[in-house]
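J.: The following block contains the structure, expressed as structure tokens.
Structural data, given as structure tokens:
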């Protein structure tokens, strides 16, 4: 199975549903809402005047949110439909941004060899990539000396738990895949997708850190968070704008964030 073609068709079908959904709240964004989570802002720091490339940017809400915080942004995604929507949204909001259609593994060539102060990638990105070593090498080549990768991602431990309670191990943590899924809906609602097949790959925390360090980047921190941004398990409750386990219940990590820097005075070739 051509995982890239299958997933591109699946994501092209998701785009109009996502743009119209309450989950993404595009109208709220147009009115000034910023889509970046507060812990991400704190961990990334001031982006004013810094160049930032967002890999697997979907239709650009997070990318454009970083631009509203002062970054000079570029977004890249393999979905033609997503990039078309991102460009339209940027134009409507009057936010300067560059958006490029390409597979993440082709990012260096697609972006013309440009390098950036920050490579950012957000929630739910790595599960679509079969080879993290190649991904991390791509990230390293996109970074300026002294620049850094910032990754905020769904925690792989949560993916092995049952969807009802989040308390029972039901899947194999070490089974990388590929996993072929048939879902009629996307995560934003009940609309039926035209292309319902997706191919996903599970990556443990050790695999992520090992790939990043092997690419020559220095891990500054790896943080685990007890919150997520949708109702991952039926038992989660909304607290301070995020989904968490109820007070008094045992917690597991739901999201993690990682920052890793390129060596000053050198770059990957």
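In the numbering used here, the protein residues as written are 28 to 296. Ideal Cβ positions, reconstructed from N, Cα and C, are used throughout, including at glycine.
#1: Flag this pair as yes or no: are the beta carbons of residue 144 and residue 174 separated by less than 7 Å?
#2: Are residue 137 and residue 127 close, meaning C-beta to C-beta below 7 Å?
#3: Please name the residue in 103, 77, 96 and 184 whose C-alpha comes closest to that of residue 86.
#4: Helix, strand or coil for residue 295? Go by DSSP, reduced to three states.
#5: Using the rule of at least 16 other Cβ atoms within 10 Å of the residue's Cβ for burial, across every protein chain shown, is residue 92 buried or exposed?
#6: So, does the segment 181–190 touch the segment 156–163, judging by three or more C-beta pairs under 8 Å?
#7: Can you give, in chain order, each stretch of the alpha helix (DSSP H) that sits fully within the segment 121–196 and has at least 4 residues?
#8: Less than 8 Å between C-beta atoms, sequence neighbours within five positions excluded: which residues of the same chain meet that for residue 258?
#9: Does DSSP classify residue 44 as helix, strand or coil?
#10: For residue 49, count neighbouring C-beta atoms within 10 Å of its own C-beta (all shown protein chains included) and say buried if the count is 16 or more, exposed if not.
#11: Can you tell which of 97, 112, 200 and 217 has its C-alpha closest to the C-alpha of residue 123?
#12: Terminal residues of the continuous alpha helix (DSSP H) containing residue 102?
#13: Grab the span of the beta strand (DSSP E) containing residue 255 for me, first residue to last.
#14: Under 6 Å Cβ to Cβ from residue 272, same chain only, skipping five residues before and after it: list those, please.
T.: Looking at the atomic coordinates:
#1: For residue 144 and residue 174, yes; Cβs fall inside 7 Å.
#2: Yes, the Cβ-Cβ distance between residue 137 and residue 127 is below 7 Å.
#3: Minimum Cα distance to residue 86 is reached at 103.
#4: The pLDDT assigned to residue 295 is 45, lower than 50, so where the model puts this residue is not dependable; a value taken from the coordinates is nonetheless given after this. Of the three classes helix, strand and coil, the one that applies to residue 295 here is coil, per DSSP.
#5: Taking every protein chain shown into account, the CB of residue 92 has 16 or more other CB atoms within 10 angstroms, so this residue is buried.
#6: Contact fails between the segment 181–190 and the segment 156–163, because fewer than three Cβ pairs, one in each stretch, are under 8 Å apart.
#7: Within the segment 121–196, the complete alpha helix (DSSP H) segments at least 4 residues long are 134–137 and 159–169, listed from N- to C-terminus.
#8: Excluding sequence neighbours, residue 258 sits near 270.
#9: Residue state for residue 44 is assigned as helix, using DSSP reduced to three classes.
#10: An exposed status is given to residue 49, since fewer than 16 other beta-carbon atoms sit within 10 Å of its beta-carbon.
#11: Taking the Cα of residue 123 as reference, the smallest distance to any Cα among 97, 112, 200 and 217 is reached at 97.
#12: Following the DSSP letters along the chain, one finds residue 102 in no alpha helix (DSSP H) but inside the beta strand (DSSP E) bounded by residues 99–104.
#13: Where residue 255 is concerned, there is no enclosing beta strand (DSSP E), given that its DSSP letter is neither H nor E.
#14: Result list for residue 272: 278, in chain order.
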